[in-house]
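A.B. asks: The structure's right below; bear with me while I get my questions together.
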Amino acid sequence: MDTLLLFVRHAQTDDNVGSRLSGWTDSALSALGESQTLYLAEHFQRSHEVAALYSSTLTRALRTAEAIGRLIGEVPRQREDLREMHFGRFEGWPLERVEAEHPEILKAEDDLAREFAWPEGESRQTFRGRVRSAIDDISRAHAGQSVAIVTHGGVISYFLTILHNQSVVNWRDWYVPNASLSEVVWDPDLGRGTLVRHGFDDHLAPLRAVAAP
982 MDTLLLFVRH AQTDDNVGSR LSGWTDSALS ALGESQTLYL AEHFQRSHEV
1032 AALYSSTLTR ALRTAEAIGR LIGEVPRQRE DLREMHFGRF EGWPLERVEA
1082 EHPEILKAED DLAREFAWPE GESRQTFRGR VRSAIDDISR AHAGQSVAIV
1132 THGGVISYFL TILHNQSVVN WRDWYVPNAS LSEVVWDPDL GRGTLVRHGF
1182 DDHLAPLRAV AAP
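Count along the sequence shown starting at 1, add 981, and that's the number in our numbering.
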């Protein structure tokens, strides 16, 4: 049976601004990110009814989920398997430092023809398997219902490669903005579904208007 999955990428963090590899690193929301959670939560209150609200255990996702939960009357159900990819010993490194000190790592990561794993971290296939397992489990628990899942860009983009029967290396095709909403109708038993919308963030328009010169 189908489940409507309302995927939310967490609001902006300081590490997003600094282009750091923050997978399991517990980075905090930026000042803008804190504001984004308010507009996102108001959008949910106006536009969506959900049977449950799930969140990654990492602070950036949990704070985003808590903002939504306060307005819709749901307490986030935390799951470790909704965390971002684990970047191993490169956790917390700025991309420019990785490029300067270990260019071979980024070259290997860019080689889409080979299997890649972050040293002491996760491989693409392991991560995608974790994502598939988590989403299928949530979907089966809420068959015929709508659920919100506050998680990370990697989780959402990798799941969209599953939805579209793409190679794991196609995750780059599915950029997910901070504090955006992506809706998927998913049947975990058939392993197929429909993308309703991707990267919707019109609710953040007031913040963009303030930032405009």
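Each residue gets a CB set at the ideal place from its N, CA and C atoms; glycine is no exception.
Check whether the Cβ atoms of Phe988 and Thr1132 sit closer than 9 Å, and answer yes or no.
C.D. replies: On the sequence shown, position 7 is the one that residue 988 refers to. On the sequence shown, position 151 is the one that residue 1132 refers to. Yes.
A.B. asks: Residue range of the alpha helix (DSSP H) that Leu1019 falls in?
C.D. replies: Reading the sequence shown from its first residue, position 38 is the one you call residue 1019. Its alpha helix (DSSP H) spans residues 1012-1028.
A.B. asks: Identify the continuous beta strand (DSSP E) that holds Arg990 and give its terminal residues.
C.D. replies: Along the sequence shown, read from residue 1 onward, the residue named residue 990 stands at position 9. Counting along the chain, the beta strand (DSSP E) containing Arg990 begins and ends at 984-990.
A.B. asks: When the distance is taken between beta carbons, is Val1031 closer than 9 Å to Asp1062?
C.D. replies: As a position in the sequence shown, residue 1062 is number 81, starting the count at 1. As a position in the sequence shown, residue 1031 is number 50, starting the count at 1. Asp1062 is not a Cβ neighbour of Val1031, given a cutoff of 9 Å.
A.B. asks: Report buried or exposed for Tyr1156, applying the criterion of at least 16 other Cβ atoms within 10 angstroms of its Cβ.
C.D. replies: As a working note, residue 1156 is residue 175 in the sequence shown. Classification of Tyr1156: exposed, given that the 10 Å Cβ count is below 16.
A.B. asks: Quick check on the DSSP output: the beta strand (DSSP E) that includes Ser1163 runs from which residue to which?
C.D. replies: On the sequence shown, position 182 is the one that residue 1163 refers to. Segment 1162-1168, the beta strand (DSSP E) holding Ser1163.
A.B. asks: Alpha carbon to alpha carbon, what distance is there between Glu1023 and Gly1054?
C.D. replies: The sequence position of residue 1054 within the sequence shown is 73, counting from 1. The sequence position of residue 1023 within the sequence shown is 42, counting from 1. Looking at the two C-alpha atoms, the distance is approximately 12 Å.
A.B. asks: Counting pairs of beta carbons, one from the region 1163-1170 and one from the region 1178-1186, are three or more of them closer than 8 Å?
C.D. replies: yes
A.B. asks: Quick one: residues in its chain with C-beta nearer than 7 Å to the C-beta of Phe1068, no 5 flanking neighbours on either side, listed in chain order?
C.D. replies: In the sequence shown, counting from the first residue as 1, residue 1068 sits at position 87. Excluding residues within five positions, the ones whose Cβ falls inside 7 Å are Leu1002, Gly1004, Trp1099, Gly1102.
A.B. asks: Who pairs with Ala1098 in a beta bridge, going by DSSP?
C.D. replies: By 1-based counting over the sequence shown, the position of residue 1098 is 117. Looking at the DSSP assignment, Ala1098 forms a beta bridge with Ser1104.
A.B. asks: So, Ala1124 versus Asp996, is the Cβ gap smaller than 9 Å?
C.D. replies: For the purposes of this step, residue 1124 is taken as residue 143 along the sequence shown, with counting starting at 1. For the purposes of this step, residue 996 is taken as residue 15 along the sequence shown, with counting starting at 1. Not in contact: Ala1124 and Asp996 (Cβ atoms no closer than 9 Å).
A.B. asks: Applying the criterion that 16 or more other CB atoms from any shown protein chain within 10 Å of the CB defines a buried residue, is Pro923 buried or exposed?
C.D. replies: This structure cannot speak to residue 923, because the chain is shown only from 982 to 1194.
A.B. asks: Which first and last residues belong to the alpha helix (DSSP H) in which Tyr1139 is found?
C.D. replies: In the sequence shown, counting from the first residue as 1, residue 1139 sits at position 158. Here the alpha helix (DSSP H) through Tyr1139 covers 1134-1144.
A.B. asks: Do you know how far the Cα of Asp1154 is from the Cα of Ala1012?
C.D. replies: Numbered from 1 along the sequence shown, position 31 holds the residue referred to as residue 1012. Numbered from 1 along the sequence shown, position 173 holds the residue referred to as residue 1154. Rounded to whole angstroms, Ala1012 to Asp1154 spans 28 Å at the Cα level.
A.B. asks: Could you give the residue range of the beta strand (DSSP E) that holds Thr1038?
C.D. replies: Sequence index remark: in the sequence shown, residue 1038 carries index 57 (1-based). Element bounds for Thr1038: n/a, residue is neither H nor E.
A.B. asks: Counting C-beta neighbours from all protein chains within 10 Å, is the total for Thr1045 16 or more, i.e. buried, or is it exposed?
C.D. replies: In the sequence shown, residue 1045 corresponds to position 64, counting from 1. It is buried - the Cβ of Thr1045 has at least 16 other Cβ atoms within 10 Å.
A.B. asks: Going by CA-CA distance only, name the one from Ser1000, Leu1171, Thr994, Leu1188 that's closest to Glu1077.
C.D. replies: In the sequence shown, counting from the first residue as 1, residue 1077 sits at position 96. Comparing Cα-Cα distances from Glu1077 to each of Ser1000, Leu1171, Thr994, Leu1188, the minimum goes to Ser1000.
A.B. asks: Determine the burial state of Asn1146: buried for a count of at least 16 other Cβ atoms within 10 Å of its Cβ, exposed for fewer.
C.D. replies: Here the question's residue 1146 lines up with position 165 in the sequence shown. By the 16-neighbour rule on beta-carbons within 10 angstroms, Asn1146 is exposed.
A.B. asks: Would you mind working out which of Leu1010, Gln1017, Leu986, Asp1007 sits nearest Arg1189, comparing C-alpha positions?
C.D. replies: Locating residue 1189 in the sequence shown gives position 208, counting from the first residue. Here the closest residue by C-alpha is Gln1017.
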